[in-house]
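Undergrad:
Numbering (full-length UniProt numbering), first residue to last: 1 to 117.
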(Lines of atoms letter the chains of each structure in order from A and count residues from 1; the text may use other names and numbers.)
(Lines give C-alpha, C1' and ligand atoms only; values in the text may rest on other atoms or scores of the structure.)
Protein backbone atom coordinates (compact mmCIF):
# COMPACT_ATOMS: atom_id res chain seq x y z
CA UNK A 1 0.00 0.00 0.00
CA UNK A 2 1.38 3.41 -0.95
CA UNK A 3 1.91 5.94 1.82
CA UNK A 4 -0.94 8.20 0.69
CA UNK A 5 -3.36 5.25 0.56
CA UNK A 6 -2.17 4.04 3.96
CA UNK A 7 -2.75 7.49 5.47
CA UNK A 8 -6.26 7.62 3.99
CA UNK A 9 -6.96 4.15 5.37
CA UNK A 10 -5.64 5.13 8.83
CA UNK A 11 -7.95 8.16 8.81
CA UNK A 12 -10.87 5.91 7.91
CA UNK A 13 -9.97 3.56 10.79
CA UNK A 14 -9.90 6.55 13.17
CA UNK A 15 -13.43 7.45 12.12
CA UNK A 16 -14.62 3.83 12.48
CA UNK A 17 -13.00 2.77 15.76
CA UNK A 18 -14.50 -0.17 17.61
CA UNK A 19 -16.23 0.54 20.94
CA UNK A 20 -13.20 -0.88 22.80
CA UNK A 21 -10.77 1.27 20.81
CA UNK A 22 -12.91 4.36 21.36
CA UNK A 23 -13.13 3.67 25.11
CA UNK A 24 -9.38 3.09 25.51
CA UNK A 25 -8.63 6.19 23.44
CA UNK A 26 -10.60 8.33 25.93
CA UNK A 27 -8.13 7.12 28.59
CA UNK A 28 -4.91 7.39 26.52
CA UNK A 29 -5.35 10.71 24.72
CA UNK A 30 -3.97 14.02 25.97
CA UNK A 31 -1.07 12.35 27.82
CA UNK A 32 -3.39 10.96 30.51
CA UNK A 33 -1.34 7.79 31.01
CA UNK A 34 2.13 8.30 32.46
CA UNK A 35 2.39 11.61 30.59
CA UNK A 36 2.98 9.73 27.32
CA UNK A 37 1.65 10.83 23.95
CA UNK A 38 -0.29 8.14 22.12
CA UNK A 39 -1.38 8.17 18.50
CA UNK A 40 -4.36 6.17 17.29
CA UNK A 41 -4.44 4.15 14.08
CA UNK A 42 -0.84 5.16 13.47
CA UNK A 43 0.99 3.98 10.31
CA UNK A 44 4.28 2.21 11.09
CA UNK A 45 6.04 0.81 8.05
CA UNK A 46 3.64 -1.47 6.18
CA UNK A 47 1.23 -1.68 9.16
CA UNK A 48 -1.23 0.48 11.06
CA UNK A 49 -1.03 0.18 14.84
CA UNK A 50 -4.22 0.61 16.87
CA UNK A 51 -2.29 2.80 19.34
CA UNK A 52 1.36 3.80 19.40
CA UNK A 53 3.56 5.73 21.77
CA UNK A 54 6.47 6.44 19.47
CA UNK A 55 8.60 8.02 22.21
CA UNK A 56 8.44 4.87 24.36
CA UNK A 57 8.43 2.52 21.33
CA UNK A 58 5.19 0.88 22.44
CA UNK A 59 2.34 -0.44 20.29
CA UNK A 60 -1.01 -1.46 21.76
CA UNK A 61 -3.29 -3.71 19.72
CA UNK A 62 -6.92 -4.18 20.69
CA UNK A 63 -8.01 -7.64 19.61
CA UNK A 64 -11.38 -9.25 19.05
CA UNK A 65 -12.07 -12.91 18.41
CA UNK A 66 -10.86 -12.62 14.79
CA UNK A 67 -7.29 -12.19 16.06
CA UNK A 68 -7.06 -15.53 17.88
CA UNK A 69 -4.76 -17.37 15.47
CA UNK A 70 -3.80 -14.71 12.96
CA UNK A 71 -0.55 -15.22 11.06
CA UNK A 72 -0.80 -11.62 9.89
CA UNK A 73 -0.71 -10.46 13.52
CA UNK A 74 2.38 -12.59 14.18
CA UNK A 75 4.18 -11.13 11.15
CA UNK A 76 3.22 -7.58 12.14
CA UNK A 77 4.38 -8.14 15.73
CA UNK A 78 7.70 -9.60 14.55
CA UNK A 79 8.27 -6.65 12.21
CA UNK A 80 7.43 -4.13 14.94
CA UNK A 81 9.79 -5.86 17.39
CA UNK A 82 12.56 -5.76 14.78
CA UNK A 83 11.99 -2.00 14.63
CA UNK A 84 12.44 -1.78 18.41
CA UNK A 85 8.79 -1.62 19.47
CA UNK A 86 7.23 -3.50 22.35
CA UNK A 87 3.79 -4.87 21.45
CA UNK A 88 0.94 -5.34 23.90
CA UNK A 89 -2.28 -7.14 22.95
CA UNK A 90 -5.47 -6.40 24.86
CA UNK A 91 -8.80 -8.14 24.31
CA UNK A 92 -11.85 -6.01 23.52
CA UNK A 93 -13.69 -7.51 26.47
CA UNK A 94 -10.88 -6.65 28.90
CA UNK A 95 -10.79 -3.03 27.73
CA UNK A 96 -14.55 -2.68 28.15
CA UNK A 97 -14.87 -4.62 31.43
CA UNK A 98 -11.52 -3.98 33.17
CA UNK A 99 -10.05 -0.81 31.71
CA UNK A 100 -8.24 0.13 34.92
CA UNK A 101 -6.36 -3.19 34.92
CA UNK A 102 -5.53 -2.77 31.22
CA UNK A 103 -4.21 0.74 31.88
CA UNK A 104 -2.16 -0.50 34.84
CA UNK A 105 -0.56 -3.16 32.60
CA UNK A 106 0.24 -0.57 29.95
CA UNK A 107 1.69 1.79 32.59
CA UNK A 108 3.97 -1.02 33.83
CA UNK A 109 5.40 -1.45 30.34
CA UNK A 110 5.78 2.31 29.91
CA UNK A 111 7.83 2.41 33.14
CA UNK A 112 10.42 -0.03 31.74
CA UNK A 113 13.39 1.93 30.41
CA UNK A 114 13.50 1.89 26.63
CA UNK A 115 16.71 0.84 24.91
CA UNK A 116 17.58 2.29 21.52
CA UNK A 117 19.68 -0.66 20.49
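A virtual CB, placed ideally from N, CA and C, is assigned to each residue, including glycine.
Select from 81, 31, 48 the residue whose C-alpha is nearest the C-alpha of residue 107.
TA: Measuring from the Cα of residue 107, the nearest candidate turns out to be 31.
Undergrad: Contact defined as beta carbons within less than 8 Å: I believe residue 80 pairs with residue 44. What is the distance between those atoms, to the nearest angstrom?
TA: About 7 Å separates the two Cβ atoms, so the contact holds.
Undergrad: Quick one: grab the DSSP three-state call for residue 40.
TA: DSSP places residue 40 in strand when its eight states are reduced to three.
Undergrad: Could you give the DSSP three-state label for residue 7: helix, strand or coil?
TA: In the structure shown, residue 7 sits in a helix (DSSP, three-state: H, G or I).
Undergrad: Please return the same chain residues whose Cβ sits closer than 6 Å to the Cβ of residue 61, not counting the five positions on each side in sequence.
TA: The answer, listed in chain order, is 50, 89.
Undergrad: Can you tell me whether residue 48 is buried or exposed? The criterion is at least 16 other CB atoms within 10 Å of its CB, across all chains shown.
TA: Residue 48 comes out buried.
Undergrad: What's the gap between the Cα of residue 46 and the Cα of residue 17?
TA: Their backbone Cα atoms lie some 20 Å apart in a straight line.
Undergrad: If you run the structure through DSSP and keep just helix, strand and coil, what is residue 108?
TA: Helix, per DSSP.
Undergrad: In this structure, what does DSSP give as the bridge partners for residue 143?
TA: Residue 143 lies beyond the stretch modelled for the chain, which goes from 1 to 117, so this question has no answer here.
Undergrad: What residue does the alpha helix (DSSP H) around residue 21 start on, and which one ends it?
TA: Start and end: 19–28.
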